[in-house]
Structures are given as C-alpha cells and as structure tokens.
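Please read the structure below before turning to the comments.
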Amino acid sequence: MKIGIDKLAFATTPYYLTMEDLAQGRGEDPNKYLIGIGQDRQAVVPPTQDVVTLAAAAGEKLLTNEERDQVSTIIVATESGIDNSKATAIYVKRLLKLNDFTRAVEIKEACYSATAAIQFARGLVALKPQEKVLVIASDVARYGLNTGGEVTQGAGAVAMLITANPRVLAIEETSVAYAKDVMDFWRPLYSEEAMVDGKYSTNVYIDFFKQTWTRYQQLTGQTLADFTALAFHLPFTKMGKKALEAELGERDDTIATRMRANLKAEQAACRQVGNLYTGSLYLGLMSLLVNGDVQPGERIGLFSYGSGSEGEFYAGILQSGYQAGLGDLSEQLAARKRVDLATYEKNFNAQLGLKEEDVTFETPTDGQRFILAGQKNHQRQYVDLNED
Ligand code: CAA
C-alpha cells in the first residue's frame, strides 16, 4: 500500500521586510544577505499572529469540510510552541473545527520534528489505512534584533494530509535517521530568542547530511542518478547550496545540472519567506513541485535537519495528481505587504512573548482570519474573526 503526502497547504503572515532594507539598517552590504545568505525577503510577524494562528490558517486552506470530519489525528510540529504543557494542536483543532474524537498532540525536535510527525503518521495509516492524519509544521524563527541570525528569521506553517494512496508523494520504506547531542542551536525556557553557534551549526548540518545520505545509498544501492531532485531543510537558501555542493563537488554532468536547477526551484519560496524552522523543508518541497523540472514517477530525496541534533534522509515517488494537492503558493506570496525596518522592529517588540499580565491587542484589519486577540488570566485568547 502506498502511504504519503496527499495534499500540502502553506500560510504565512501578511507582511514582509526586504533584505535590502535590513542590510541598510544593519550597516551590511545587501549582497551579503541577497547572495551570501541567499535571502530576498522575510516574513514579519504582527503580535496577533503566532504558531497557533499560522497553523490554523494553513490547516484551513488544506482541508475540505469532508476531510475535516475524517482527520483521526492532528500532530503539530513546532519548536516555538506557546505553552510548556498544553499542546498547540488542541487550540488548532478547535479553530479548525475538527471532530472531538480526534487525537491531538504537539511534537518537538527543532527543525526536524515535522519529519518525525510524517513518519509517525505513516505508521498510523499503515495500521489503519482509512485514517487521515493532519501534520502541521508551524514556527516563528526569532533570533533577535541586530544579531547574526536576524537575517535568517522567518515565519509560517505548512499543513499536510498523510493518507493511503496519496496524490502528491508516496513515501518509500527506507529512511535513515541520525541523532547526536550537539549544542549548535537551542532555546532555554526563559528565552524568547534562539541561541545559536551559527558557523558550527552549518558544519553540523552538512555532516548530518553526509552521514544520512551515505548510509541511505548503502542500504538502497541508489545513487544521485536515481533522483530527480534532493530537497533540503532551508534555514536560509545558501545552506541547501552548501550541502548539495558538498555532494556534487566538481561534477558538471546532466545529473549535477538537474540537481542544481531543481535546488533553485526549491529555494524560490524560501527566499521570499525566510526560515520556517520545521516547515522549511516542506515549503521547499512545495516550491520545488511548483517551480521545478519534476515528473510523476520520479524520486525526490528529502533531507531534514533539526539542531540539537537530528537528521533524516528519506525519499518519495511523485504521484500523477500532484499539482492538485499544492494550492496557490505564488499568489499567496505576491499578496503580502511590504513594511519598513521601523515597522518590523515595532512588531518584533510588540509580541506577547513571556509577558505575564493581561494584554488586549487591537483587532487587525489585515485579512487574517485566525488571530491572537491577547492574554487573559494567563490564557492566550484565540479568535476566529469569521465567527466572533
Ligand atoms: N557579497 C556576497 N557574499 C558575501 C558578502 C558580500 N558583500 N559578504 C559576505 N558574504 C558571504 C560570506 O562569504 C559567507 O558565505 P559562505 O557561507 O559561503 O562562506 C556568507 O555571506 C555569510 O557571511 P558570514 O559567514 O560572514 O555571515 P555571519 O557571520 O553573519 O553568519 C550565519 C551567517 C552563521 C548563517 C548566521 O546568519 C546564523 O547564525 N544563522 C542562524 C543559524 C542557522 O541558520 N544555521 C543553519 C544550520 S542549523 C539549522 O539548519 C537549524 C535551523 O533551522 C536553525
């Protein structure tokens, strides 16, 4: 039985900052950000948006009313969760009006956890093929103003339905996971911003890619020639280039040319949004399927990396109905509004974060349906503006 990704949908905030504006504000050469890091724009997060509202927006785009009733389990993968006990998935389940007889849980391992969620979902569907599992990867990547990581911030969510006989990607049996206790990136409970050993993290990423990819080839006997594309976790687009070039080296044949072109296709959306943490690989997959040279029946490799660290390499076969399962990625990105550096900084500082007091945010008129209205008695107040 084929099991895999049946549909994907993406949501981000309605605002972005250009990397030219950020570079100018930080006294950097814009080409460092545009070429050296490989980013053009980054999502700006208003205080009324967070991982719950982003996850709900992506889930709302994904599900038909019929599917809403059929979801047996919702797994929200995030490393920027809003509660140390209660699962983000419970809030999202309410906003999406999923059946009460639904299993709802949150999982975490930095940028890797959506891949774990997909593998767990595969297991659930293998046990009960009629089940549909909703996996939503949702994160706000936040390093801090005037930090080295600032240029690699971003925000958004990717929702995926994992089913039998999927329309987009049938996931193959072999996968290689690899974990080691590494301090390259982490966020203590008392901090709103990630802590990172930036250069070290890029080296660990490449090491984990080499470890998992080499073992995958040993287990399957496959080589690059068996793939139409490799999709990488993209904390910033240059990271994917570094990893692919570590494999290709001086190669300049047709396979290497195809891999490089399809990496550009994967990078296109990430260049516009920034790091989604655990959703980045899956936004990259959507971007590859929309912009790349890929055909049904071809194999796509996926490298997932989460600091701390966990990596996984696995693969899937593209299915004939894949275009129907993708949504309106380009239109969505084009519809966002540009904000200047001062507005970005104002939004950055206006987040609820670790505040303990009651807060009421002004109701936004930016077209977002699900909003964080504030905090009352230590409870975050989520509202569906179509209802309230
Ligand atoms: N024109 C063109 N290129 C330029 C340039 C210019 N004027 N000026 C600099 N560059 C190039 C540099 O040569 C460099 O290229 P290479 O990496 O190919 O050598 C690149 O721009 C970046 O320059 P620096 O290394 O000087 O940049 P930096 O010190 O500011 O740090 C960073 C960059 C380490 C990525 C930092 O932004 C960071 O810490 N980001 C967060 C951590 C991160 O994303 N790590 C990724 C792996 S971990 C992971 O994947 C999990 C996750 O999501 C967090």
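Numbers 1 to 388, taken from this note's numbering, label the letters of the sequence shown in order.
We treat Cβ as the ideally placed atom computed from N, Cα and C, and that holds for glycine.
Computed from a predicted model, the values in this text were never measured in an experiment.
Inset, instruction - Would you tell me roughly how many angstroms separate the C-alpha atoms of Asp-100 and Arg-94, rounded to the nearest one? - result: 9 angstroms
Legend entry - Asp-21 burial status per 10 Å Cβ neighbour count (16 or more: buried): buried
Inset, instruction - Could you give the DSSP three-state label for Gln-211: helix, strand or coil? - result: helix
Legend entry - Residue range of the alpha helix (DSSP H) that includes Val-339: Per DSSP, Val-339 belongs to no alpha helix (DSSP H) and is neither H nor E.
Legend entry - Nearest-angstrom Cβ-Cβ length linking Ala-114 and Gly-279, presumed shorter than 8 angstroms: 6 angstroms
Legend entry - Boundaries (first-last residue) of the alpha helix (DSSP H) holding Lys-32: Run containing Lys-32: none; DSSP gives neither H nor E here.
Legend entry - beta-carbon Ile-35 near the ligand CAA non-hydrogen atom, thresh 7 angstroms: yes
Inset, instruction - Could you check how far apart the C-beta atoms of Ser-309 and Val-204 are, in whole angstroms? I think they sit under 8 angstroms. - result: 6 angstroms
Inset, instruction - Determine the direct distance from the alpha carbon of Asp-40 to that of Arg-271, and round the result to whole angstroms. - result: 5 angstroms
Legend entry - Residues that DSSP places opposite Phe-236 in a beta bridge: According to DSSP, Phe-236 bridges with nothing at all.
Legend entry - Sub-8 angstroms separation of Ala-104 and Ile-90 beta-carbons: yes
Inset, instruction - Pull up the distance between the alpha-carbon of Ile-317 and that of Arg-299, whole angstroms please. - result: 5 angstroms
Inset, instruction - Report yes or no: do the stretch 133-141 and the stretch 153-168 share at least 3 C-beta pairs separated by less than 8 angstroms? - result: yes
Legend entry - C-alpha distance - Val-176 paired with Tyr-112, whole-angstrom precision: 13 angstroms
Inset, instruction - Report yes or no: do three or more beta-carbon pairs, one from the stretch 284-298 and one from the stretch 226-236, lie closer than 8 angstroms? - result: yes
Legend entry - Separation of Ser-85 from Val-51, as counted between CA atoms: 15 angstroms
Legend entry - Secondary structure of Ile-118, DSSP reduced to three states: helix
Legend entry - With 16 other Cβ atoms within 10 Å as the buried cut-off, status of Gly-367: exposed
Legend entry - DSSP three-state assignment for Ser-280, whether helix, strand or coil: helix
Inset, instruction - Can you grab the Cα-Cα spacing for the pair Thr-389 / Thr-360, in whole Å? - result: The requested residue 389 does not occur in the structure, where the chain is confined to residues 1 to 388.
Inset, instruction - Assign Arg-122 to one of two classes, buried (16 or more other C-beta atoms within 10 Å of its C-beta) or exposed (fewer than that). - result: buried
Legend entry - CA nearest to the CA of Gln-49, picked from Leu-385, His-378, Gln-351: Gln-351
Inset, instruction - Go through its chain and collect everything with a Cβ distance to Pro-129's Cβ below 7 angstroms, but skip five positions before and after it. - result: Met-1, Ala-164
Legend entry - Three-state class that DSSP yields for Phe-348 in the structure shown: helix
Legend entry - Cβ neighbour criterion (16 or more within 10 Å) applied to Ser-201: buried
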